[in-house]
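As structure tokens, the structure follows; a few thoughts come after it.
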Amino acid sequence: MEDLLQQIINECNNNKLANLKSSTQLAYDLLQSQQSLLRDPAHELRAKCFTVFQTALETKKSKFVSFALSGFHRILRDDRFQTNFEPEDDSLWLPSQFLQAVNSIMSQSDDTQVDILKVMLNIACSSYWTVNGRIIIQMLAVCCEVYETGTEAVKTASQAAANQTLRSFCHVLDVESQEAKDHKMHEVGSGGIDCFNELIPILQYIYSKLDEAQTGQNMASVLLLLEGLHTVVSSLPQRVHTNSHFTKFLWQKLCPVLIGLMATPRNSNIPFSRLQPPDTLPQHKIIYSIAGQLVRLVGCVGSLRPVLESVYHRMLLYPRAPNRLDSIKALTELLRSPSRLVDFAGPLLVEDDRGCQQSDMALTRLVMDSLQECAETKDPVLISATVSCVETLLVTLLTISKGQAINHVYVTKINFLYPTLKHADYKGALTYQTLLRLPKLYRDTVGVSEKGMAEAIEREEADGMSKDSSDDCSDVTDDEQHHDSDEDEVNSIPPTIGFPDTLGNVMSEKIYSKDKGDSERDHARHFFRTLMEFLPSLQNLKYTMEVDDALQKFASQYCQGLYHKRNKNSSYETTIVNADGIYLATYSALGLNLMLINRGYYASTSDDIPMTEHQFVSEVEESGVLVYLSSRWLCEVYQQVLCLDLLTVSGCNNNQAILNLLSDLGGVNFDNEVLSNCVKLDKAALRQNTTPETQAGLKLARRLLMCCWDSILAVLTVGVKGDQTTIPLSLQALHNATLLCNATGLQKRSGTVFSLLSNACCNGNDEKPSLIASHALNLDVILSSALELASHAPQSWPHVLKCCMYVTKLEHMITYSHPVKKLGLSQDLNETPSTLVGDGDVATIVGDVSSVATLTPTATASIVCVLSQHIDRLLVTRMLSYLKWPLLAFMT
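Sequential numbering from 1 applies to the sequence shown in full-length UniProt numbering.
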């Protein structure tokens, strides 16, 4: 520094530079007088030097300007001008002193302005600078002022300086907040989060400038301010959403001004409309990026969801579909990050303190509606961007389904809200599930109507039960099937029976012979008691075959017991039953019992009854086996099961053999299509340890997939009919959709996916079928997971068989084509590639080949060999592991 000052003194040989020479001499003498222990404060040394450089800069002489710029850099590198303890007066801090020294920046040349801004950038990058919100605003003001009138080089430099200044300040606040949190300095705020209050004046300054831009003033600095705002929201930690001042500023001022900036200025003569072309407002791209960062910061806050929905509505739904290309691209980048997608569509971590229920899927539905509209346009570029967005969403969902990129807070929340996969099902748009959200007038109206309906039902039930059995379990309901079987009894009633006129048409009432009805129900209750006494004998059985043999013997012995009892006592009134009927009724009763246990019916946690009385009766009567059981007898068994938890009372609710047997018959979970023993073998082979993260990921992926499914299919249906760019993306998306269906238990939705994939991969019009990379991968997905998916979606079987026939056609072409050597099938056995054996992986064989490229004959032969083995396993091996219902659907 002393050498530089000496050069300035030597160059000041003009009387006009006397002041500069004098101030430089003072600064030089001060630096020379500094001793090791007797040193002046750093801010005093800086003040003397900055005065010299300010004067040199204001001379506008190139040599002195160069000296000044060099001096600024030397101050930053010299430890004598740095300190960890600045005075309380912030005007004596290094950034303030620098701003004072360069107050003539607007009168300098463009190159000098760029150099000054580089110094400001270096100050912001230094680790020892001391700064506060007021100084940051001053630095931003300088950058804005230079930006508005500068050249492209000046604008670039001012943008870089402003962004780095804001980024460094956010880092300083984050460090302070973290230190306060680590040291539990709660007096600083809520774990140090109040440190971010210093940002509010800066954001207020940016907001005021942007608001002026809406009125048509200072439009030139809008891009710089928006970039600065994007830097701020990108640099803040996610925990800032707990700062009430920040969130309040967000929804009161920041988001409204962003929405306003996506329109024309308020005083513009051009009215804003949905028809506005997309290139009239260049700041949109920055706003889209800011919106993505807002999702990261406050996406989990319930009270701010309506604000985010407003921003995204303006981005994705308000403009006409052809004008949404940039917003769709920004959305694609947002969905590319699994953690951002969790913030976007995951459960709300901070509920609305006003008690207003918010939908966690509202933003997702808004996005999918926009994508669906874009897919309906005729613009191939927009359609390609839309398909790419959907494909990105599905790839991210695959990542989430593996439990990746979900932090422990979301994992805990998701697993708490949704104990099982089925609990995570998306039920539809937000509805008034309770009356609390309705206005009082509507609440009273609904309450009155519901009360009237309940009273009417009670009166009907009372009339229906007056002629029935006095047993509590019997007097619940009567099946409508009884009407036909007892019409003769109704017709035999004399007209003088004396029914009152208010009963209406007597022929339509359910009137039974009391003696006959009681007899049937008494025998049903006797069967239920006998079954309850028999079940404890099954507790020690370990195999399902042993349980089934025991139930067959029980059915036979029960019928024999009734027969012997009637022979011993001729006055004993019995009913006609057979062993097959008792056997089927036993399974139906136990299956219903287990379904009720799993749904929490007996524990009073749920009123959901999975099977009606009519369905229960039909299940036995329409089984295809000759059954001698009356409908009334079966109805009574149904009512007894509702009243008593048979398996728990008998102690069989923990017997795995009984549970597996009932599960294999479809009595526990109708989505279960695989035999329980095969499930155990598959789990043992995979050796998968299901972690809480994986469980949460599968639940969230399932919920998102159910919410978006129809829109995804609508977009991809258009995509598979598109150009050469869109088709591979669509096929890859369908590929991922199939994997997700299988992973999340949504196999029933795979029918349409199989249809689209098979139609795209199997071109029946070609006399000589060929195989391209994307088609090979999709055929591999279809045939390797066909049974698991099609067993739940029987409509998929024609498409699976279509793929089987296509592979057979390829195999036939390869085998019987003349140029066998070209296909690599005539190679010496020692040189035969291992991939031709058929135990390879299709993805490995395809490798890095372009998705639209036709595979080589050798690769085609290898892949067809693998696919043929998939078909063999599909039609022979794996069929044996599935239940009767999927196999019946396949045969049908």
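Note that the Cβ used here is the ideal one computed from N, Cα and C, for glycine as well. Only a predicted model underlies this, so the values are computations on that prediction, with no experimental measurement involved.
Where residue i and residue j are concerned, what is the direct C-alpha to C-alpha distance, given to the nearest angstrom?
| i | j | result |
| --- | --- | --- |
| A456 | P610 | Interpretation of A456 is limited by its pLDDT of 46, a score under 50 that renders its predicted location unreliable; the figure taken from the coordinates is listed afterwards. Their backbone Cα atoms lie some 25 Å apart in a straight line. |
| residue 893 | A345 | Coverage of the chain is limited to positions 1 through 892, which leaves residue 893 absent and any answer about it impossible. |
| E351 | G697 | 21 Å |
| N365 | L642 | This sequence places Arg at residue 365; Asn is not what is there. The alpha-carbon atoms of R365 and L642 are separated by roughly 40 Å. |
| T690 | L867 | 30 Å |
| I845 | M805 | 22 Å |
| M1 | N10 | 14 Å |
| L590 | R521 | 19 Å |
| K721 | T815 | 32 Å |
| L731 | C761 | 9 Å |
| L647 | Q640 | 13 Å |
| K285 | S327 | 7 Å |
| L823 | I712 | Interpretation of L823 is limited by its pLDDT of 44, a score under 50 that renders its predicted location unreliable; the figure taken from the coordinates is listed afterwards. Taking the straight line from one Cα to the other gives about 39 Å. |
| V119 | E145 | 17 Å |
| P536 | N593 | 15 Å |
| L140 | M106 | 14 Å |
| F249 | R167 | 19 Å |
| N14 | I290 | 54 Å |
| T165 | L199 | 13 Å |
| K413 | I406 | 11 Å |
| K329 | P857 | 38 Å |
| C12 | D29 | 17 Å |
Alpha carbons only, please: which of the options is nearest the one belonging to residue i?
| i | options | result |
| --- | --- | --- |
| L531 | Q54, L698, I871 and V649 | V649 |
| T726 | S384, S62 and S770 | S384 |
| residue 909 | C804, L716 and I8 | The first residue shown for the chain is 1 and the last is 892, placing residue 909 beyond what the model contains. |
| D645 | Y601, G624 and R632 | Y601 |
| T130 | M545, T83 and M120 | T83 |
| A124 | V720, Q113, C170 and S631 | C170 |
| A160 | T215, A843, G228 and C708 | G228 |
| K378 | A321, L223, K427 and H423 | A321 |
| Q795 | A773, D780, R749 and L771 | R749 |
| L746 | I782, K155 and L705 | L705 |
| I287 | P306, H230 and V295 | H230 |
| W633 | L783, L584, A220 and H523 | H523 |
| R529 | A773, P306 and T586 | T586 |
Is DSSP giving residue i helix, strand or coil here?
| i | result |
| --- | --- |
| V301 | strand |
| T717 | helix |
| T151 | coil |
| residue 932 | No answer is possible for residue 932: it lies beyond the span of the chain, which begins at 1 and ends at 892. |
| I772 | strand |
| V350 | strand |
| T690 | coil |
| S470 | Unreliable placement is indicated for S470, whose pLDDT of 39 sits below 50; the coordinate value is still reported in the next sentence. S470 falls in the coil class under three-state DSSP. |
| T856 | coil |
| F196 | helix |
| F754 | helix |
| A579 | helix |
| F67 | helix |
| L166 | helix |
| T112 | helix |
| P338 | helix |
| W797 | helix |
| D360 | coil |
| D723 | coil |
| Q869 | helix |
| L398 | helix |
| S784 | helix |
| G292 | helix |
| N84 | coil |
| Q214 | helix |
Since residue i and residue j are thought to touch, with beta carbons under 8 Å apart, how far apart are those beta carbons, to the nearest angstrom?
| i | j | result |
| --- | --- | --- |
| A56 | L5 | With a Cβ gap of about 10 Å, A56 and L5 do not count as contacting. |
| S758 | H799 | 4 Å |
| V842 | I863 | 5 Å |
| F616 | S588 | 6 Å |
| A424 | R702 | 5 Å |
| Q283 | V233 | The pair is not a contact, with the Cβ atoms about 15 Å apart (cut-off 8 Å). |
Self-check item: Residue ranges of each alpha helix (DSSP H) within the segment 222-258, 4 or longer
Solution: Listed in chain order, they are 222-235 and 244-249.
Quiz item: Where are the alpha helix (DSSP H) runs, 4 residues long or more, that stay fully inside the segment 595-656, in chain order?
Solution: 613-621, 631-643 and 646-649, all fully within the segment 595-656.
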